[in-house]
Structure formats: C-alpha cells, structure tokens
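Q: Sharing a structure here in structure tokens format.
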Amino acid sequence: MNRAVFLQKRAHRAGAQTCLARMLRHEGMRPWNPVLVCSEPGWLTTECERNGVAVLVQPFPSSRALTARLWGNAAFARRVTKRVAALPGTPVIVHANDHWEGLLGLAGARELRARTVMHLRSPGMREADYWKYRCGDYDSVVAVGDEIQARAKGWDAAKDIRLVHDGIEPSEFSPPKPKAAEFPRRVLVLGSPLDWKGWADLTEALFQLEQAGALPELQFDFTGAQPDPAQNDLKLGRLRRARCNFLGRVEMFRELVLGYDLVINPSRMETFGMAAVEVLAAGVPLLTTRVGILDQAQAQAELLVVPHQPAALATALKNLLQNWPAIEFGLARSQENLRAKFLVGHTVAKLTAEFARLAGSGERA
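Positions in the sequence shown are counted from 1; adding 2 to them yields the working numbering.
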C-alpha cells in the first residue's frame with residue numbers, strides 16, 4: 003500500500019494545523035495511509051491520533067548556520083526515513099504543509115525516494131522565501147488561495163502552481179444565530195499579535211469613532227496575547243470608551259465564537275482566511291476585511307471593507323452601530339457560498355488527484 007508523509011513543524015492549534023487536521027482525517031485521504039511528522043506533540047498530533055492517523059514526533063533541526071542546517075536536515079531525513087520504514091506500506095509522497103518545511107521535505111523525499119508536494123500557505127511569504135526554501139524544486143506546488151497562487155506564478159512562471167483551496171467540514175455548520183436585539187456590548191476580534199493581523203487598524207478605527215462621539219462603551223475581546231508595543235503599537239492608552247481585552251491562545255475556537263453576536267476580522271492580508279470562514283460556518287455575524295477568499299464567502303457587501311484602511315473600518319462599524327436593527331447579515335447565503343466552494347472534501351479530492359498523478363508518473367525524486 004502507498005503512504006503519504008506530511009511534514010508540519012508546529013502542533014498547536016492554528017490555521018495551518020486545523021486545515022491539515024481536516025485533510026488527514028477525511029475519508030478521501032485514507033487510501034493514502036497518511037503519516038504526520040511533527041516537531042513536538044500538541045493539539046494537531048492529539049487530533050490525528052484520535053482519528054487513527056499515524057503520527058511521528060521527531061524534533062526538527064533549527065540551526066540558522068547554513069552548514070549546520072544542511073547537516074541537521076540530512077540527519078533529520080535519515081531518522082524520519084528509518085521510522086517511516088518501520089510502518090506498513092511504501093512512502094510515495096512527501097507533503098510539506100508550508101514553505102517553512104521546504105528544505106526538510108526535499109531531504110526526506112531523497113531518502114524515501116518519494117515524490118514531493120509543496121503547499122503554499124503563509125501570507126507573508128516573499129519571493130526570497132520561495133527560493134530559499136526551494137519551493138520550485140518540488141514536483142508539485144499548490145496554493146491555498148488565489149492571491150498567493152498569482153504571486154507565486156509571478157516568481158516562478160515556468161511552474162504549474164495549482165489552486166487547492168482549504169476547506170471546512172459539513173459538521174462545522176450551525177444555523178445562523180438570531181440577531182441580537184441591539185448592538186452587542188461584547189465583540190470578538192480575530193487575529194494574533196502580528197501586525198499584519200490588523201489589530202492596530204481596528205484600534206485606530208475605534209479612536210476615530212470616539213473622537214466623533216459615535217462609540218458607546220464596548221468591550222473588544224482579542225483572540226491572542228496583547229502585542230508588544232515595540233512590535234505592534236495599538237495605542238490603547240488613548241481609548242476611553244472601548245475596553246480591549248486579550249484572551250491569549252484559544253483552543254476551543256468554535257465554542258468561543260458561538261458566545262458572541264458580532265465578530266470582527268481586521269486582517270491586512272490572508273491567503274485563505276480560515277478563522278473568518280469558521281465564524282460564518284458557525285452562523286455568527288461577521289464584519290471582515292476583503293482578504294483571502296472572504297469576498298467569495300461573505301454574501302453581504304456592507305460587511306466587507308478594504309484592508310489596512312482604519313477609516314473604512316470605522317465607517318462600517320458606525321453603520322452597524324447606527325442601523326443595527328435594519329442590518330441584514332446574509333449568513334444563510336454566506337453558508338451556501340462556503341458549501342459550494344470551500345468544503346474539505348473538495349480540498350482532499352484535488353490534493354489526492356495530484357498525489358495519484360505524481361505516484362503514477364514513474365521516476366521518483
């Protein structure tokens with residue numbers, strides 16, 4: 003039997019990890035007998051083991067020195083090969099879940115004599131990263147979103163970079179939540195302390211609304227730790243009516259989302275936008291920037307704003323504050339959009355078709 007080996011360094015619950023977990027536990031992936039290789043135990047390894055997916059925990063090399071890194075990659079590949087060889091089946095595919103795993107994936111594939119698939123995910127990836135991690139040396143390169151696919155094609159015009167959107171599971175859908183009678187006093191904010199998640203754009207929008215006398219006393223709960231002002235200054239000290247609360251790392255994301263009547267996604271860039279997609283699937287009202295695939299998912303145009311534009315975010319929030327009873331959130335239509343294009347079954351079908359094409363093409367890496 004054939005096996006596909008998936009490399010994913012970090013195992014905590016985050017976008018790349020949840021997307022990978024959905025793929026690995028999907029019935030369409032079972033014929034490929036997937037084995038997950040992680041650097042550490044965590045949410046992802048536990049989730050995979052719970053669903054019968056083989057898991058190997060093998061520390062990834064981390065040296066920054068080139069010679070040490072190359073030696074570490076080769077040693078890592080030998081260890082993984084030995085452990086994979088002890089499992090039933092023949093490893094024919096090595097899948098790197100993002101460009102960070104690129105060098106290790108190639109080293110592992112050489113040892114295993116397997117074909118290679120690179121999954122481009124990170125919105126902050128630059129052309130230098132694409133070449134540094136040797137993404138172009140993979141037999142197949144797939145991208146999770148239209149924008150990153152277009153960027154990568156611009157860097158490597160000779161490569162056939164295929165679009166394989168991430169997807170969610172049918173069980174993640176809930177009926178649209180009844181709209182609150184008035185604008186909620188607590189609002190959930192998606193993201194992390196990283197500056198490109200747009201938290202500073204939201205706090206600037208809140209400041210603009212305060213200055214205009216248009217903001218009541220509200221609490222904004224952010225899904226992450228408070229950023230270091232030296233790295234991402236939210237200028238919280240100037241806010242008087244908006245109270246910002248930082249929740250730290252969130253593991254039970256869907257359960258958290260269902261406790262709110264409005265969620266804001268202020269991100270400046272995304273390759274897909276899975277957290278926001280999960281909010282729509284949960285049936286909770288969402289105001290989001292126009293990033294990733296969200297303009298294909300969010301059915302209500304007035305709930306889509308230009309990213310990195312605090313004034314646009316302030317205008318959209320003011321509209322919600324002033325016209326809450328009349329606002330139509332379009333959740334049922336948004337969920338129809340998700341079911342039509344962004345189910346994990348579609349993802350797995352495209353990815354395994356690529357596996358089959360490579361495995362059946364003869365010579366291995």
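For each residue, glycine too, the CB sits at the ideal point set by N, CA and C.
Short of 7 Å in beta carbon distance, which residues of its chain neighbour L108, apart from the five on each side in sequence? Order them along the chain.
A: Excluding positions up to five away in sequence, the list reads T118, R136, D139.
Q: Considering only the alpha carbon of each residue, which of M127, A232, R242, A183 lies closest to F222?
A: Considering only alpha carbons, the answer is R242.
Q: Below 8 Å, can you find three or more Cβ-Cβ pairs linking the region 327 to 347 to the region 171 to 179?
A: Segments in contact, yes.
Q: Over the uninterrupted beta strand (DSSP E) stretch that includes T291, give me the two end residues.
A: That run of the beta strand (DSSP E) goes 288 to 291.
Q: Pull up the distance between the alpha-carbon of N234 and that of D203, whole angstroms please.
A: When rounded, the distance between both Cα atoms is 11 Å.
Q: To the nearest whole angstrom, what separates the beta carbons of L46 and G169, a pair I think is in contact under 8 Å?
A: Going by Cβ atoms, the distance from L46 to G169 rounds to 17 Å, so no, they are not a contact pair.
Q: With DSSP as the reference, please indicate the residues paired to Q221 in a beta bridge.
A: For Q221, which the question treats as bridged, DSSP gives the partners R188, R245.
Q: Check each candidate in A216, K84, E257, V307 and name the one with the smallest Cα separation from L190.
A: When only C-alpha atoms are compared, the closest one is E257.
Q: Please return the same chain residues whose Cβ sits closer than 8 Å to the Cβ of T205, not counting the five positions on each side in sequence.
A: Closer than 8 Å at the Cβ level, and outside the excluded window around T205, lie L236, K237, L238, L241, A244, C246.
Q: Near K352, which residues of its chain fall below 6 Å by C-beta distance, leaving aside the five closest residues on each side in sequence?
A: Excluding positions up to five away in sequence, the list reads V166.
Q: Which of the three DSSP states, helix, strand or coil, is assigned to L333?
A: L333 falls in the helix class under three-state DSSP.
Q: Could you pull out every residue in the same chain whose Cβ sits closer than 8 Å to the Cβ of P195, ignoring the five residues on either side in sequence?
A: If we look at P195 and ignore the five residues flanking it on each side, its Cβ neighbours are W201, G226, A227, Q228, P229, D230, Q233, N234.
Q: Using three-state DSSP, classify S142 as helix, strand or coil.
A: In this structure, S142 counts as strand in the three-state DSSP scheme.
Q: What would DSSP say about M276, mapped onto helix, strand or coil?
A: M276: helix per DSSP, three-state reduction.
Q: Spell out the partners DSSP gives V86 in its beta bridges.
A: V86 is not bridged to any residue.
Q: Looking at L288: is its Cβ nearer than 9 Å to the Cβ of N321?
A: No, the pair does not count as a contact, with Cβ atoms beyond the cut-off.
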